[in-house]
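Have a look at the structure below, then the notes.
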Amino acid sequence: MSSAPPLPEAFGNYALGDFVEVVSPQTISWLPQTTGWWWLGAALLAVIARYSWQRLRHWYRNRYRREAAVRLQRLADTAERSTLVAELNRLLKLTALAAFSREQVASLSGEEWVDFLNRQCATPPFSNEQGQLLAVGAYRTGPVAGATGQPLIAACRTWVREHKNMYDV
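As structure tokens, this is what we get:
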């Protein structure tokens, strides 16, 4: 086996043999050089951290809404029509107890309960007919007509989504 002949010292273009290779400059640091940029970066980081903390706290404090929405969907799918109003009342009461203090919510019933629910939203979600149904629904044993049940469930869903709690101030 023969090896390749040795390369001459000035390999390539012989006219370029006298050129000297260019010296590269030092690399430039990506870190800011002045303290003003450090302060600006720290302030920006503080703003981002505060915003993230507020969003996380808002998400955590509204977990009861997500749970109530899931229960409401399950109730809408599987509830018997004879116990629908009582179950909706129970779900609304549990949701209100999670959102407001026990002193505000626990003693409410009847018309006071419906008025409380309607006051917590910018636009009252419950009509007069739905309010009457909720006010006496815990004591009622008869079935609810399908035409009345679905709008009542929709109004409950609206209340769960839109009410203002003590953390929304």
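The numbering used here puts the first residue of the sequence shown at 2, with every later residue one more than the last.
Where is the CB? At the ideal position from N, CA and C, for every residue including glycine.
Simplified DSSP state of residue i, which is helix, strand or coil
i      : result
Ala69  : helix
Asp19  : coil
Leu153 : helix
Gly129 : Before going further, note that residue 129 is Asn rather than Gly in the sequence given. In this structure, Asn129 counts as helix in the three-state DSSP scheme.
Tyr140 : coil
Leu108 : The question names Leu, but residue 108 is Ser in the sequence shown. DSSP places Ser108 in coil when its eight states are reduced to three.
Ser25  : coil
Tyr172 : In the structure displayed, the chain extends from 2 to 170; residue 172 sits before or after that span and is not available.
Ala44  : helix
Trp114 : helix
Ala1   : Since the first residue shown for the chain is 2 and the last is 170, residue 1 is missing from the structure and cannot be characterised.
Ala123 : coil
Leu57  : helix
Unbroken alpha helix (DSSP H) run spanning residue i, endpoints
i     : result
Lys94 : Leu85 to Ala100
Nearest candidate by alpha-carbon position, reference residue i, set the options
i      : options                         : result
Lys165 : Tyr52, Leu85, Pro7 and Pro126   : Pro126
Leu32  : Arg103, Gly42 and Val21         : Gly42
Arg91  : Leu135, Thr36 and Asp19         : Leu135
Leu89  : Ile154, Thr36, Thr159 and Trp38 : Ile154
Three Cβ pairs or more, each shorter than 8 Å: is that satisfied between the stretch 71-83 and the stretch 121-129? no
Take every Cβ of the stretch 38-46, pair it with every Cβ of the stretch 85-101, and state whether three or more of those distances are shorter than 8 Å. In short, these stretches do not touch, since the Cβ pair count stays below three.
Between the stretch 129-137 and the stretch 148-158, are three or more C-beta pairs nearer than 8 Å? yes
Quick check: the stretch 63-71 against the stretch 82-96, are at least 3 beta-carbon pairs closer than 8 Å? yes
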